[in-house]
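**Q** Numbering (this note's numbering), first residue to last: 5 to 152.
Don't be surprised by glycine CBs; every beta carbon is placed ideally from N, CA and C.
Handing you this structure, nothing more for now.
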């Protein structure tokens, strides 16, 4: 029986979702680097951190850490905006038909219709539907304890 590609797809999808976020990389020698994950090699899982700081206090504009040296990737902050959760909120409280809502988990974006996109950065689009979605987006953030 062959292994399902689903776990690997989820793993890569999750890595994509933490791009541009601050992470801590623990190395096999016990050293730590914290910085913004700006890229990774999907075949080797070598990671690239910008504005990296090591546990000795040294700051590096760019650190490329090879996968054979990595023991752990630690993500301390949690994303406030969750595309799947927002799509449910939108369908339930916004009275938006589900067939109009498309979720892009790998980039944490919801698309409504063909021209409205919602992400952690807000609502992109114009017109009455975009205004309605913006109001729902603000309400969604209020439920998370964020007032805009």
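#1: Rounded to the nearest angstrom, what separates residue 53 and residue 66 at their Cα positions?
#2: Would you kindly work out how many angstroms separate the C-alpha atoms of residue 12 and residue 28, rounded to a whole number?
#3: Tell me which same chain residues have a C-beta within less than 6 angstroms of the C-beta of residue 79, skipping the five on either side of it?
#4: Which partner residues does residue 84 have in the DSSP bridge list?
#5: Pair every Cβ in the segment 134-141 with every Cβ in the segment 93-108, then say whether three or more of these pairs are closer than 8 angstroms.
#6: Can you check which of these residues, 44, 120, 124, 145, is closest to residue 134 by C-alpha distance?
#7: Fully enclosed by the segment 82-117, which alpha helix (DSSP H) runs are 4 residues long or longer?
#8: Residue 76 and residue 118 look like a contact to me (Cβ under 8 angstroms); what is the Cβ gap, rounded to whole Å?
#9: Take residue 5 and list the residues in its own chain whose beta-carbon comes closer than 8 angstroms to its own, dropping the five residues that flank it on each side.
#10: Beta-carbon within less than 7 angstroms of residue 48's beta-carbon, same chain only, minus the 5 sequence neighbours each way: which residues are those?
#11: In terms of residues, what are the limits of the beta strand (DSSP E) holding residue 26?
#12: Tell me whether residue 59 sits in a helix, a strand or coil according to DSSP, three-state version.
#13: Assign residue 49 to one of three DSSP states: helix, strand, or coil.
**A** If we stick to the structure as given:
#1: By one-based count along the chain shown, residue 53 stands at place 49. By one-based count along the chain shown, residue 66 stands at place 62. Their backbone Cα atoms lie some 6 angstroms apart in a straight line.
#2: The residue given as residue 12 occupies position 8 in the chain shown. The residue given as residue 28 occupies position 24 in the chain shown. Cα-Cα distance, rounded: 22 angstroms.
#3: Sequence index remark: in the chain shown, residue 79 carries index 75 (1-based). The residues are 22, 27.
#4: Taking the chain shown and counting its residues from 1, the one referred to as residue 84 is at position 80. Residue 84 is not bridged to any residue.
#5: yes
#6: Reading the chain shown from its first residue, position 130 is the one you call residue 134. The candidate whose alpha carbon is nearest that of residue 134 is 120.
#7: 87-97
#8: Against the chain shown, residue 76 aligns to sequence position 72. Against the chain shown, residue 118 aligns to sequence position 114. With 8 angstroms as the limit, residue 76 and residue 118 do not qualify as a contact, their Cβ atoms being about 41 angstroms apart.
#9: In the chain shown, counting from the first residue as 1, residue 5 sits at position 1. Reliability of the predicted coordinates at residue 5 is poor, the pLDDT of 44 falling under 50, and the value obtained from them is presented with this limitation in mind. No residues qualify anywhere along the chain.
#10: What you label residue 48 is simply residue 44 of the chain shown in a count that begins at 1. Answer for residue 48: 71, listed in chain order.
#11: Here the question's residue 26 lines up with position 22 in the chain shown. Counting along the chain, the beta strand (DSSP E) containing residue 26 begins and ends at 26-31.
#12: By one-based count along the chain shown, residue 59 stands at place 55. Residue 59: coil per DSSP, three-state reduction.
#13: Counting from one through the chain shown, the residue named residue 49 turns up at place 45. Coil.
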